[in-house]
Each structure stands twice: as C-alpha cells, then as structure tokens.
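In this note's numbering, the protein residues as written are 15 to 165. First up is the structure itself, then whatever we jot down about it.
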C-alpha cells in the first residue's frame, strides 16, 4: 500500500507547486516600471584605418593559392556571398547589402588592404575571420573575390 501511495503523494506535491507558481504570477503586477526610452543612437560609421587601407597585397594569385582560397571561400563566405560570388547565398535573403563580387564596380573603390581588413575584422552582419586564418590565406581570399568580377 505504501508503494502505491508514494507516486500519488509526489503527483500531488508537483501539482501543488504548479498551482502556487501560477497564483504568484497572477498576483504580481502586470506592468513593471519601464525605463525611460532614450533615442536610438545611429550606428557608428564603419572606418578602416588608413594604414590598413594602404597595405599592398603581398600574395600573388597562383593556381595553388587560388584553389586553397576557393575552399576557404566555400566554407566561410559562400553562404552569404554565393558560390559564384553573386551575393545570392542561402543566408543572403535575410540580410541587406550583401556584396555581389561579380559586378566590376562593387570592389572598384576598395583597396586590397581594405578588403583584407573587412575580411579579418568583419563588417555589419558579416562576422570576422579573426585569427582563424593566416594572413597569407586572407590575402588569397582578396585575390579570389576580385577574380569573380573578371569572369
């Protein structure tokens, strides 16, 4: 008899806890004091340091390095920028201003140093590559994305 009573008592105990929790929620005030809303600050302008923008790409686009950059691009970039660099990756539909590398004007005003900086540090919704890749690999990515506009 005792064995049958324990599950019943546990069930009643759980039920009592649920009822008490619901009553506490109902007795609490429904509106809490909200802090005064401050006007939204505009997002800071994205600035690339002048010394970073002026860096020259030390990596030449050899077939071997371009093949390696293609693999890195497929893993880290294609989900947004698209397999063909057209800005139509799977994630691009939920984002604004995804660069279409196939348009020659898209990167015309950017130096290799700026592109390196953006890849390394990220920009807007684009996450940074950070320290996951060696500098030479990031420079190779710069060469690879520039090649989309030449096709």
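By construction, the Cβ of each residue, glycine as well, lies at the ideal position given by its N, Cα and C atoms. As the structure is a computational prediction, the values presented were derived from the model and not from experiment.
According to the Cβ coordinates, are residue i and residue j closer than 7 Å?
| i | j | result |
| --- | --- | --- |
| residue 168 | residue 121 | Nothing can be reported for residue 168: it is not among the residues displayed for the chain, which extend from 15 to 165. |
| residue 94 | residue 105 | yes |
| residue 162 | residue 116 | yes |
| residue 131 | residue 62 | yes |
| residue 154 | residue 83 | yes |
| residue 101 | residue 114 | yes |
| residue 137 | residue 87 | no |
Residues in the same chain with beta-carbon distance under 8 Å from residue i, minus the five sequence neighbours each way, listed in chain order, please.
| i | result |
| --- | --- |
| residue 134 | 142, 143, 144 and 152 |
| residue 45 | With a pLDDT of only 49 at residue 45, under the threshold of 50, the placement of this residue in the model should not be trusted; the figure read from the coordinates follows. If we look at residue 45 and ignore the five residues flanking it on each side, it has no Cβ neighbours. |
| residue 165 | 116 |
To which residues of the same chain is residue i closer than 6 Å at the C-beta, ignoring the five residues directly before and after it?
| i | result |
| --- | --- |
| residue 69 | 127 |
| residue 75 | 157 |
| residue 64 | none |
| residue 159 | 115 |
| residue 103 | 92, 93, 94, 95 and 96 |
Rounded to the nearest angstrom, what separates residue i and residue j at their Cα positions?
| i | j | result |
| --- | --- | --- |
| residue 110 | residue 139 | 9 Å |
| residue 73 | residue 108 | 33 Å |
| residue 112 | residue 147 | 22 Å |
| residue 71 | residue 81 | 17 Å |
| residue 79 | residue 97 | 18 Å |
| residue 99 | residue 85 | 13 Å |
| residue 123 | residue 77 | 26 Å |
Tell me which residues share the same chain as residue i and place their Cβ nearer than 7 Å to its Cβ, disregarding the 5 neighbours each side in the sequence.
| i | result |
| --- | --- |
| residue 150 | 73 |
Margin query: Quick check on the DSSP output: what are the complete beta strand (DSSP E) runs of length 3 or more inside the stretch 71-159, in order along the chain?
Written below: Runs of the beta strand (DSSP E) spanning 3 or more residues and lying entirely within the stretch 71-159 do not occur at all.
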